[in-house]
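First the structure, in the form of structure tokens, and then the observations on it.
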Amino acid sequence: MLDVRDFHLRHLQFSRSDALPEVRDRACRAGDATDPGPRDSAHRLARALSLDLVVARTPLAPLVDEPRASSTQISQILYGHCAAVLARDGKWLRVRGGDDYEGWIHQGYVEPCDNLSGADWGWNSESDMSLGCSIRDERGVTLDLPLGALIGPAHRISGRSLDLAHRRETFPQDAEAVVASAMGLFQGTYYQWGGISPWGTDCSGLVQSAFALHGVRLPRDAWQQALAGEEVEGGLDAIKSADLLFFSDRDDGRITHVALATGSSTIVHAALGRGGYSLERLDAADEYSRELAGRFRFARRVIG
């Protein structure tokens, strides 16, 4: 007999090491997902399968590939965001975040949601979203929080935050607005593998986070994002603002990099070769731009 919980845990997952066929269908639907809570699927999974739910208690909780401290960071969970617990290995938890991405997290970074006075954390809660603020948490500890962290309205002590009820007004689902967010909120960010915030991000983390602000859900990794939306016909000449441009430096053509178009030949992206955030032209004469343009494979449109 098929165990329903086991089916979900084996077949509905995103991680940097997995390439399951089911990812394609989920990624293709992702670009059309414009629900108010683009990262609240952890709640739905936990409720459907009676899984424990945990919430990040540190500004950035690292998600790693294996249950050990020296393992590579593959993503992050921001303060106030939840994850469903799939398995345990000592003090390590195998979790799936609200973007369906899986990895291991040490229990020191999270706490059970039932320890939070029944608060319904997540994008659908009565929370504020950090735009770069400081809070005093339940332990009396002052924390600086990055863009996208979720907080209780009474917790902020300085900086800026946004009532989620007004998110659509501040971050409309508009191509130019997505580009403006990526350029304005991530400028100066350094490159960090597995990062998803202006405190450090990788290429797909910048893209995913910028779109998430505007209520558009995308998968975590570049190769997964390459399955979302619709392919843009006509190459670079047909590119519009907020289109996703995909690149590969591998012989098999597997996507290894993603950038956000700001115009027909200009992009914003987080690149190791640039040290992080970079705004540039693909038709520029410098060596880096020429090499990047040579690695271009295709573009996809998820909004606009």
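Numbering (my numbering), first residue to last: 2 to 305. Glycine included, each C-beta is placed from N, C-alpha and C at the ideal position.
Report the rounded CA-to-CA distance for residue 266 versus residue 193, giving the unit in angstroms. Rounded to the nearest whole angstrom, the CA to CA distance from residue 266 to residue 193 is 25 Å.
Could you compute how far the alpha carbon of residue 72 sits from the alpha carbon of residue 49? 30 Å
Out of 79, 87 and 277, point me to the one whose CA is closest to residue 47's CA. 87
DSSP three-state call for residue 143: helix, strand or coil? strand
Whose C-alpha, out of 65, 137, 104 and 262, is nearest the C-alpha of residue 58? If we check each option's Cα against that of residue 58, 137 comes out closest.
Which of the three DSSP states, helix, strand or coil, is assigned to residue 174? In the three-state reduction of the DSSP assignment, residue 174 falls in the coil class, being assigned neither a helical nor a strand state.
Taking only the alpha-carbon atoms, compute the straight-line gap between residue 252 and residue 280 and give it to the nearest angstrom. Looking at the two C-alpha atoms, the distance is approximately 27 Å.
Please tell me whether residue 237 and residue 299 are closer than 8 Å, where the distance is taken between their beta carbons. No, Cβ-Cβ distance for residue 237 and residue 299 is not below 8 Å.
Expressed to the nearest angstrom, what Euclidean distance is found between the alpha-carbon atoms of residue 162 and residue 304? 26 Å
For residue 199, is the classification buried or exposed, using 16 other Cβ atoms within 10 angstroms of its Cβ as the cut-off for buried? buried
Work out the CA separation of residue 183 and residue 168 for me, nearest whole Å. 16 Å
Inspect the CB distances between the segment 216 to 226 and the segment 284 to 297 and report whether three or more fall short of 8 Å. no
The alpha helix (DSSP H) enclosing residue 289, as first and last residue numbers: 288 to 295
Limits of the alpha helix (DSSP H) - the one that residue 206 falls within: 204 to 214
Using C-beta distances below 7 Å, list every residue in its chain close to residue 114, excluding the 5 sequence neighbours before and after it, in chain order. 54, 55, 56, 83 and 122, listed in sequence order.
Please name the residue or residues paired with residue 258 in a DSSP beta bridge. Its beta-bridge partners are 248.
With H, G and I counted as helix, E and B as strand and the rest as coil, what does DSSP make of residue 96? strand
Host alpha helix (DSSP H) of residue 225 (start-end): 223 to 226
Let me know the secondary structure DSSP gives residue 236 once reduced to three states. If DSSP states are grouped into helix, strand and coil, residue 236 belongs with the helices.
Buried versus exposed call for residue 273 [16 or more other C-beta atoms within 10 Å across all chains shown]: Residue 273 is exposed by the Cβ-count criterion.
Span of the beta strand (DSSP E), counted from its first residue to its last, around residue 219: Segment: none, residue 219 is in no beta strand (DSSP E) and carries neither H nor E.
State yes or no: is the C-beta of residue 263 within less than 8 Å of the C-beta of residue 242? yes
Who pairs with residue 134 in a beta bridge, going by DSSP? 146 and 160
Burial state of residue 90 (16 or more Cβ within 10 Å): exposed
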